[in-house]
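A.B. asks: Position one of the sequence shown corresponds to residue 585 (the working numbering), numbered consecutively onward.
We treat Cβ as the ideally placed atom computed from N, Cα and C, and that holds for glycine.
Keep in mind it's a predicted model, so treat the numbers as computed, not measured.
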Amino acid sequence: ERSCYVETAEGQLIAVLAESLGRGAFALTVGGTLSCTALRPDDPASVEGQTLHLGEMLIDLRPAVPWDPTLPPLSGPAGDGLRTLADHLRAHAPSEGLARVHFDDTKTPLLAQGRRALDRLREGLTRADATAVTEGAGQLAGLGPGLTPSGDDVLAGILLGLRVWPAAAGPLGPKVVSTLLAGTAAPRTGRISRAYLWAARQGHASEAWHDLIRALPANADRVSTAATRILSTGETSGADMLAGFLFAWTE
Numbered sequence: 585e586r587s588c589y590v591e592t593a594e595g596q597l598i599a600v601l602a603e604s605l606g607r608g609a610f611a612l613t614v615g616g617t618l619s620c621t622a623l624r625p626d627d628p629a630s631v632e633g634q635t636l637h638l639g640e641m642l643i644d645l646r647p648a649v650p651w652d653p654t655l656p657p658l659s660g661p662a663g664d665g666l667r668t669l670a671d672h673l674r675a676h677a678p679s680e681g682l683a684r685v686h687f688d689d690t691k692t693p694l695l696a697q698g699r700r701a702l703d704r705l706r707e708g709l710t711r712a713d714a715t716a717v718t719e720g721a722g723q724l725a726g727l728g729p730g731l732t733p734s735g736d737d738v739l740a741g742i743l744l745g746l747r748v749w750p751a752a753a754g755p756l757g758p759k760v761v762s763t764l765l766a767g768t769a770a771p772r773t774g775r776i777s778r779a780y781l782w783a784a785r786q787g788h789a790s791e792a793w794h795d796l797i798r799a800l801p802a803n804a805d806r807v808s809t810a811a812t813r814i815l816s817t818g819e820t821s822g823a824d825m826l827a828g829f830l831f832a833w834t835e
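1) With DSSP as the reference, label His-686 as helix, strand or coil.
2) Taking the continuous alpha helix (DSSP H) assigned at His-788, which residues delimit it?
3) In three-state DSSP terms, what is Val-649?
4) Count the C-beta pairs between the region 638 to 657 and the region 614 to 629 that are closer than 8 Å, then say yes if the count reaches three, no if not.
5) Could you tell me the boundaries of the alpha helix (DSSP H) in which Ala-716 lies?
6) What are the start and end residues of the beta strand (DSSP E) that includes Ala-599?
7) Are the C-beta of Leu-655 and some C-beta of chain D separated by less than 8 Å?
8) Whole-angstrom Cβ separation of Arg-772 and Gly-722, contact assumed at under 8 Å?
9) List the whole-angstrom C-beta distance separating Leu-746 from Ala-753, where the pair is believed to meet the contact cut-off of C-beta under 8 Å.
10) Locate the alpha helix (DSSP H) running through Thr-820, then write down its first and last residues.
11) Leaving aside the five residues before and after Ser-816 along the sequence, list all residues of the same chain whose C-beta is less than 7 Å from its C-beta, in chain order.
12) On the criterion of 16 or more Cβ atoms from any shown chain inside 10 Å, does Trp-793 qualify as buried, or is it exposed?
13) Hey, which unbroken runs of the alpha helix (DSSP H) at 4 residues or more fall wholly within the region 652 to 679?
14) Does the beta-carbon of Gly-665 have 16 or more other beta-carbons within 10 angstroms, so that it is buried, or is it exposed?
15) Express the C-alpha separation of Ala-832 and Leu-636 in angstroms, rounding to a whole number.
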């Protein structure tokens, strides 16, 4: 009801979001009331003058204000904030998907598969083994439920984490590791997941993620508030991305 995706002739995706969802990595956020329920997958999209036509829906582009989705840098030590984030995720993560991959209190075949993939990925990062990194990413790509599968969301979270902590990439370096993760996963998943993976590789994320990064060194309550907003993304997507982000955490 609150969002849809527009695909350009060149294959670029644009998320059209209700204001309540905030600003996004490759999104047009629409003020006022937005309901996408009447749209059909084959409805035409066009820009005429300064109006976006989506099927029968008209969106006035004149008030549009550009927004930079690039994550801000950390402003200080974040260990306490990240421990708050991990506790919040443990308390609120859904049992579905891969959000509980770091916690031993839940055991499912999907989580077991995700843990093996992350162990292989960690091995590759530690040993500067590009093959192991590729294998770990390949095991996560397309894994699990969701419009964007859980494994893809975990990889997106890792990519955002590498933006915040480049040292997490180990000897291979963040540029090589990010290219391996996104490049391995992209052909194994759908076009919406690909768009989010390429955005995360550039350090692009939604407004709630910006709030989280700013809060981590400063305020536990703000960390929890931002994490709650992220957790509301999709059925499991936000939680899975937080799990990937925590995987990349380095003290």
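C.D. replies: Per the coordinate set shown:
1) coil
2) Unbroken run through His-788: none, as it is neither H nor E.
3) coil
4) yes
5) 714 to 724
6) 597 to 602
7) Here there is only one protein chain, and chain D is not present.
8) 7 Å
9) 6 Å
10) Element bounds for Thr-820: n/a, residue is neither H nor E.
11) Gly-822
12) buried
13) 663 to 676
14) buried
15) 39 Å
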